[in-house]
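The opening position of the sequence shown corresponds to residue 21 in the numbering used here, with each subsequent residue numbered one higher. What follows is a set of notes on a single structure, which appears directly below.
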Amino acid sequence: MPGTEDTVTGTQGSDSLTGSPGDDTLIGLGGSDTLRGRGGGDRLEGGAGSDWADYGGNSPVKVFLADPARNLGEAVGDVFISIENLLGSSFRDWLMGDQGANAIDGRGKSDNIGGGGGSDTLIGGEGDDRILGGADDDEIDGGAGSDHVDGETGDDLILGGDGGDELIGDFGSPGDDTLLGGDSSDTLHGGAGADVLDGGAGIDWADYESAPNPLFVDLLMPELNQDHAAGDSYVGVENVIGYFNDDTLRGDHNANVLDGFSRNDRLVGRGGDDTLIGEAGRDRLKGGAGADLFLFEGLENEFGQEIDDDRIVDFLDGRDRIGLGGAGFGLAPGALGANQFVLGDHARDADDRVIYDPATGRLYVDLDGVGRETQVLIARLIGAPELGVEDFIVV
């Protein structure tokens, strides 16, 4: 009856027990049981086996196995005894485990899921989920949607599933993680340890933003990797981004994007039509074979660090191009205007924005086109190759 206080007891097998909207007691006994209280302050007692609390109702819930006093929604007032696992609703849930080995399934929508301690199995399902593995060795499946998944400590197996996911093995603490991006364009953070970074389909990134020391990353020969990248292997990873260090990033024979981010980096594209982005610092850029793009997004990066006279080693006129960020340099996207480019060592009039000195190979940007006072040296092209307005593109 609605609102009654029922006691439902299972068997030594695997049972599915359902209460009423009142304050019920569900006792699973043996087996792997699924207990659904259906509202009210319920006592869910799983007994032996690995047991589930099921919150598949008509509204979102917040469930904390380790601290049920924080529960909200249908889970308010519930008490857990020998409950290891959680099933969410088809709404946006918060599902948090405890220090044991938990299995948590968010089912649908965009859930927040945390494993806590123990070796957990965490499933996001549909929606853009945020999942934290916690301590120990976890298996995490983000499912469909654009998920943010962080295995935290331990040797974790992380699957992104469909959607553009951000997958993080660990930050700072070593763990040998396996990150599987799946479909779409994913960002994989292996962190410390020997990680397997598998981007799957789409154009995927290996992101080393947690590296405390200079990196050496080689997509073609990862056995040469050093520091945070040491021991990492790559499948279906096209692009690499470094961090606040003097990094060396090398591509493979495919089209790669290599982004040094900060400091004085060495970027080598090898084969394929590569995009090399030095960002802040004095960088050395070598495209290698293929039609490469040397991209300068602005005079400084998002942290206010300035670009500083990069070296472009192997620019080939008619094959390679130099890209300029429209927002960063105040230029309209598309082809650079003929009136915005001048050969020489300084601007001639107010329209001149890009200046190339064919005698020295120096490339300047001038934001106001007035003499030498405000022009900034952004790069030197080694060998001073020929350069015309057709060699530029504004992005």
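C-beta atoms are modelled at their ideal positions from N, C-alpha and C, and glycine is treated no differently.
Practice item. Please report the residue range of the alpha helix (DSSP H) in which Phe349 lies. Key: Along the sequence shown, read from residue 1 onward, the residue named residue 349 stands at position 329. Note, Phe349: alpha helix (DSSP H), Gly346 to Phe349.
Practice item. Just tell me which of Gly57, Thr198, Asp371 and Gly202 has its CA closest to the CA of Ala214. Key: On the sequence shown, position 194 is the one that residue 214 refers to. If you compare the alpha carbons of Gly57, Thr198, Asp371 and Gly202 with that of Ala214, the shortest gap goes to Thr198.
Exercise for review: Give a yes or no on whether the C-beta atoms belonging to Ala123 and Ile103 are separated by under 8 Å.
Suggested key: Your numbering for residue 123 matches position 103 in the sequence shown. Your numbering for residue 103 matches position 83 in the sequence shown. By the CB criterion at 8 Å, Ala123 and Ile103 fall outside the cutoff.
**Study point:** Alpha carbon of Arg331 to alpha carbon of Leu269, nearest angstrom
**Key:** Sequence index remark: in the sequence shown, residue 331 carries index 311 (1-based). Sequence index remark: in the sequence shown, residue 269 carries index 249 (1-based). Taking the straight line joining both Cα atoms gives about 15 Å.
Check your understanding: What do you get for Val290, buried or exposed, if any count of 16 or more other CB atoms within 10 angstroms of its CB means buried?
Key -> Looking up residue 290 in the sequence shown gives position 270. One point to set straight first is that residue 290 is Arg, not Val, in the sequence displayed. Sixteen is the threshold: when 16 or more other Cβ atoms of the shown chains lie within 10 Å of the Cβ of Arg290, as they do, the residue is buried.
**Study point:** 3-residue-minimum beta strand (DSSP E) runs that sit fully inside the region 172-230, ordered along the chain
**Key:** Fully enclosed beta strand (DSSP E) runs of 3 or longer: 177-179, 186-188, 198-200, 207-209, 216-218 and 225-227.
**Study point:** CA-to-CA distance, Glu299 to Gly310, given in whole angstroms
**Key:** The residue given as residue 310 occupies position 290 in the sequence shown. The residue given as residue 299 occupies position 279 in the sequence shown. The straight-line gap from Cα to Cα measures roughly 22 Å.
Check your understanding: Is it true that the region 274-286 meets the region 241-248, where meeting means three or more beta-carbon pairs spaced less than 8 Å apart?
Key -> Counting C-beta pairs closer than 8 Å gives fewer than three between the region 274-286 and the region 241-248, which falls short of the contact rule.
Exercise for review: Within its chain, find whatever has a CB closer than 6 Å to the CB of Ser204; leave out the 5 residues flanking it on each side and keep chain order.
Suggested key: For the purposes of this step, residue 204 is taken as residue 184 along the sequence shown, with counting starting at 1. Counting only residues of its own chain and dropping the five nearest sequence neighbours on each side, Ser204 has a CB closer than 6 Å to the CB of Gly183, Gly184 and Gly222.
Review point. Taking the alpha-carbon positions, what's the Phe316 to Gly66 distance?
Key: Reading the sequence shown from its first residue, position 296 is the one you call residue 316. Reading the sequence shown from its first residue, position 46 is the one you call residue 66. Their Cα atoms are separated by approximately 60 Å.
Exercise for review: Can you tell me which of Leu401, Gly180, Glu320 and His273 puts its alpha carbon nearest to the alpha carbon of Ser378?
Suggested key: The residue given as residue 378 occupies position 358 in the sequence shown. According to the sequence as given, residue 378 is Pro; it is not Ser. The residue with the shortest Cα to Cα distance from Pro378 is Leu401.
Exercise for review: List the endpoints of the continuous beta strand (DSSP E) containing Phe84.
Suggested key: Taking the sequence shown and counting its residues from 1, one reaches residue 84 at position 64. In the DSSP assignment, Phe84 falls within the unbroken beta strand (DSSP E) covering Lys82 to Phe84.
Check your understanding: Using a Cβ-Cβ cut-off of 6 Å (strictly less than) and excluding sequence neighbours within five positions of Thr29, which residues of its own chain qualify?
Key -> Position 9 of the sequence shown, counting from 1, holds the residue named residue 29. Here the set comprises Ile47.
Exercise for review: Could you tell me whether the region 91-101 touches the region 121-139, where touching means 3 or more Cβ pairs closer than 8 Å?
Suggested key: Flag = no, the region 91-101 and the region 121-139 do not touch.
Practice item. Tell me whether Arg90 sits in a helix, a strand or coil according to DSSP, three-state version. Key: Here the question's residue 90 lines up with position 70 in the sequence shown. Secondary structure at Arg90: helix, using DSSP grouped into helix, strand and coil.
Check your understanding: Which of helix, strand or coil does DSSP assign to Asn105?
Key -> What you label residue 105 is simply residue 85 of the sequence shown in a count that begins at 1. Collapsing the DSSP output to three states places Asn105 in a strand.
Exercise for review: Enumerate in chain order the residues of its own chain whose CB-to-CB distance from Tyr263 is below 8 Å, with the five nearest sequence positions on each side excluded.
Suggested key: If you number the sequence shown from 1, residue 263 lands on position 243. For Tyr263, where only same-chain residues beyond five positions count, the Cβ hits under 8 Å are Tyr228, Glu229, Ser230, Ala231, Leu235, Phe281 and Ser282.
**Study point:** Beta-carbon proximity check, Gly201 vs Asp175, cutoff 8 Å
**Key:** As a first step, residue 201 is located in the sequence shown; it is residue number 181 there, counting from the start. As a first step, residue 175 is located in the sequence shown; it is residue number 155 there, counting from the start. No, the pair does not count as a contact, with Cβ atoms beyond the cut-off.
Exercise for review: Below 8 Å on the Cβ atoms is my guess for Thr45 versus Arg63; work out the distance and round it to an integer in Å.
Suggested key: Along the sequence shown, read from residue 1 onward, the residue named residue 45 stands at position 25. Along the sequence shown, read from residue 1 onward, the residue named residue 63 stands at position 43. Indeed, because the Cβ distance is near 4 Å, the residues count as touching under 8 Å.
Check your understanding: Should Leu115 go down as buried or exposed, given a rule of 16 or more other Cβ atoms within 10 Å for buried?
Key -> As a first step, residue 115 must be located in the sequence shown, where it is residue number 95. Counting C-beta atoms within 10 angstroms of its own C-beta, Leu115 has 16 or more neighbours from the protein chains shown and is therefore classed as buried.
Review point. Say the cut is 7 Å; is the CB of Val255 nearer than that to a heavy atom of the ligand ATP?
Key: This structure lacks the ligand ATP; in fact it carries no ligand of any kind.
Check your understanding: Roughly how many angstroms lie between the CA atoms of Gly338 and Arg302, to the nearest whole one?
Key -> As a position in the sequence shown, residue 338 is number 318, starting the count at 1. As a position in the sequence shown, residue 302 is number 282, starting the count at 1. Their Cα atoms are separated by approximately 25 Å.
Check your understanding: For Asp294, which option in Lys306, Ala404 and Asp285 has the closest C-alpha, if you only look at C-alpha atoms?
Key -> Counting from 1 along the sequence shown, the entry for residue 294 is found at position 274. Asp294 has its Cα closest to that of Lys306, out of Lys306, Ala404 and Asp285.
Exercise for review: Measure the Cβ-Cβ separation of Arg341 and Phe412 and say whether it is below 8 Å.
Suggested key: Locating residue 341 in the sequence shown gives position 321, where the first residue counts as 1. Locating residue 412 in the sequence shown gives position 392, where the first residue counts as 1. The answer is yes: Cβ separation under 8 Å.
Check your understanding: Under 8 Å, do Leu313 and Gly271 count as touching if we go by C-beta distance?
Key -> Counting from one through the sequence shown, the residue named residue 313 turns up at place 293. Counting from one through the sequence shown, the residue named residue 271 turns up at place 251. No, they are not a contact pair.
Practice item. Check the Cβ-Cβ distances between Leu217 and every residue of chain D, and say whether any is below 8 Å. Key: The displayed structure is made up of one protein chain only, and chain D is not part of it.
Practice item. Using DSSP bridges, identify the partner residues of Tyr254. Key: The count along the sequence shown starts at 1 and reaches residue 254 at position 234. Note: Tyr254 sits in a beta bridge opposite Leu217.
Check your understanding: Whose CA, out of His209, Ala275 and Asp328, lies closest to the CA of Asp252?
Key -> Locating residue 252 in the sequence shown gives position 232, counting from the first residue. The shortest C-alpha separation from Asp252 is found at His209.
**Study point:** Separation of Asp71 from Ser34, as counted between CA atoms
**Key:** Here residue 34 corresponds to residue number 14 of the sequence shown, with the count starting at 1. Here residue 71 corresponds to residue number 51 of the sequence shown, with the count starting at 1. Rounded to whole angstroms, Ser34 to Asp71 spans 9 Å at the Cα level.
Review point. What does DSSP give as the partner residues of Glu326 in its beta bridges?
Key: Residue numbering aside, residue 326 sits at position 306 when the sequence shown is read from its first letter. In the DSSP output, where bridge partners are listed per residue, Glu326 has Glu320.
Review point. In this structure, does DSSP put Asn359 in helix, strand or coil?
Key: For the purposes of this step, residue 359 is identified with residue 339 of the sequence shown, where counting begins at 1. Asn359: helix per DSSP, three-state reduction.
Check your understanding: In terms of residue numbering, what span does the beta strand (DSSP E) encompassing Lys306 cover?
Key -> If you number the sequence shown from 1, residue 306 lands on position 286. For Lys306, the enclosing beta strand (DSSP E) begins and ends at Arg304 to Lys306.
**Study point:** Per-residue DSSP class, three states only, for Asp411
**Key:** In the sequence shown, residue 411 corresponds to position 391, counting from 1. DSSP places Asp411 in helix when its eight states are reduced to three.
Practice item. Closer than 7 Å by C-beta to Leu363: which residues in its own chain qualify, once you throw out the five before and the five after it? Chain order, please. Key: Sequence index remark: in the sequence shown, residue 363 carries index 343 (1-based). Tyr376 and Pro378.
**Study point:** Rounded distance between the beta-carbons of Gly389 and Gly348, thought under 8 Å
**Key:** Your numbering for residue 348 matches position 328 in the sequence shown. Your numbering for residue 389 matches position 369 in the sequence shown. Not quite, the Cβ-Cβ distance comes to about 17 Å (not below 8 Å), so this is no contact.
Point to revise | Simplified DSSP assignment, three categories, for Asp371 | key: Indexing the sequence shown from 1 puts residue 371 at position 351. Asp371: coil per DSSP, three-state reduction.
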